[in-house]
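Below you'll find the structure, written out as structure tokens, and then a few comments.
Numbering (our numbering), first residue to last: 79 to 296.
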């Protein structure tokens, strides 16, 4: 039993439909930004009609997983959320430290304030934009970790590192081509962001490797 529930694909094999729907629900957080950048729907509407329902649905899926007895999915959702919080702490701390070492001319959290501005339609330095930006940042950090843990589970920690770098690579495709998100000092921003995402990925990888495994009897 333990061997079969500890492999990366265990959540998928446990309940394919629940696995796919749960990953999709977690992805609704970043979908808000992607839909906005694609020009499909403005971010306030995507958050209202995509991300918020997706978040509520994600919590409902955890309850459903308990009712239908899906221990692997339950474990990975819980561990993913915890890993996301710890990963965010490490990410933010790393971002601040590296930015200080490089004497970054603008805030290391520039993109977070821009997210808040897109959400509130207010200037990035307003309280409303800053609060909204940080809330969205936390949402992304937790849901990215949940997606990773659902898929990878107790895989080796460096898969988490690769996940973090993959997220940064995706950002590198979006940021330079976006007049909205492009920071004033792109090269320095990339260095800070690359290191921070690597640390974030390593942390969620370590937490998932250590705790996503079910402690069931053989």
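We put the beta carbon where it would ideally sit given N, CA and C, even for glycine. As the structure is a prediction and not an experimental result, all values here were calculated from the model.
Local Cβ density within 10 Å of residue i, reported as buried at 16 or more and exposed below that
{"i": "residue 257", "result": "For residue 257, the pLDDT reaches just 49, beneath the cut-off of 50, and the residue's location in the model is therefore unreliable, leaving the point undetermined."}
{"i": "residue 141", "result": "exposed"}
{"i": "residue 255", "result": "Below a pLDDT of 50, predicted positions are generally treated as unreliable, and residue 255, at 48, falls in that range; no measurement from the model is reported."}
{"i": "residue 244", "result": "exposed"}
{"i": "residue 117", "result": "exposed"}
{"i": "residue 170", "result": "buried"}
{"i": "residue 179", "result": "exposed"}
{"i": "residue 124", "result": "buried"}
Through-space distance from residue j to residue i, alpha-carbon basis
{"i": "residue 120", "j": "residue 188", "result": "20 angstroms"}
{"i": "residue 281", "j": "residue 157", "result": "12 angstroms"}
{"i": "residue 122", "j": "residue 131", "result": "13 angstroms"}
{"i": "residue 128", "j": "residue 107", "result": "8 angstroms"}
{"i": "residue 172", "j": "residue 271", "result": "9 angstroms"}
{"i": "residue 136", "j": "residue 216", "result": "15 angstroms"}
{"i": "residue 114", "j": "residue 200", "result": "16 angstroms"}
{"i": "residue 301", "j": "residue 246", "result": "Not covered by the structure: residue 301. The range shown for the chain is 79 to 296."}
{"i": "residue 297", "j": "residue 274", "result": "No answer is possible for residue 297: it lies beyond the span of the chain, which begins at 79 and ends at 296."}
{"i": "residue 161", "j": "residue 283", "result": "8 angstroms"}
{"i": "residue 88", "j": "residue 218", "result": "24 angstroms"}
N- and C-terminal bounds of the alpha helix (DSSP H) containing residue i
{"i": "residue 94", "result": "94-104"}
{"i": "residue 129", "result": "Here residue 129 belongs to no alpha helix (DSSP H), and DSSP marks it neither H nor E."}
Under the three-state DSSP convention, the category residue i falls into
{"i": "residue 231", "result": "coil"}
{"i": "residue 204", "result": "coil"}
{"i": "residue 149", "result": "helix"}
{"i": "residue 187", "result": "coil"}
{"i": "residue 213", "result": "helix"}
{"i": "residue 181", "result": "coil"}
{"i": "residue 91", "result": "helix"}
{"i": "residue 287", "result": "helix"}
{"i": "residue 120", "result": "coil"}
{"i": "residue 199", "result": "coil"}
{"i": "residue 255", "result": "The pLDDT assigned to residue 255 is 48, lower than 50, so where the model puts this residue is not dependable, and the model offers no usable value."}
{"i": "residue 292", "result": "coil"}
Among the options, nearest to residue i - alpha-carbon criterion
{"i": "residue 148", "options": "92, 224 and 292", "result": "92"}
{"i": "residue 292", "options": "152, 112 and 196", "result": "152"}
{"i": "residue 66", "options": "196, 198, 224 and 139", "result": "Given that the chain is displayed from residue 79 to residue 296, the structure contains no residue 66 and the question cannot be resolved."}
{"i": "residue 209", "options": "191, 221 and 265", "result": "191"}
{"i": "residue 98", "options": "160, 139 and 184", "result": "139"}
{"i": "residue 265", "options": "126, 124 and 182", "result": "182"}
{"i": "residue 193", "options": "234, 207 and 184", "result": "207"}
{"i": "residue 111", "options": "197, 174 and 95", "result": "197"}
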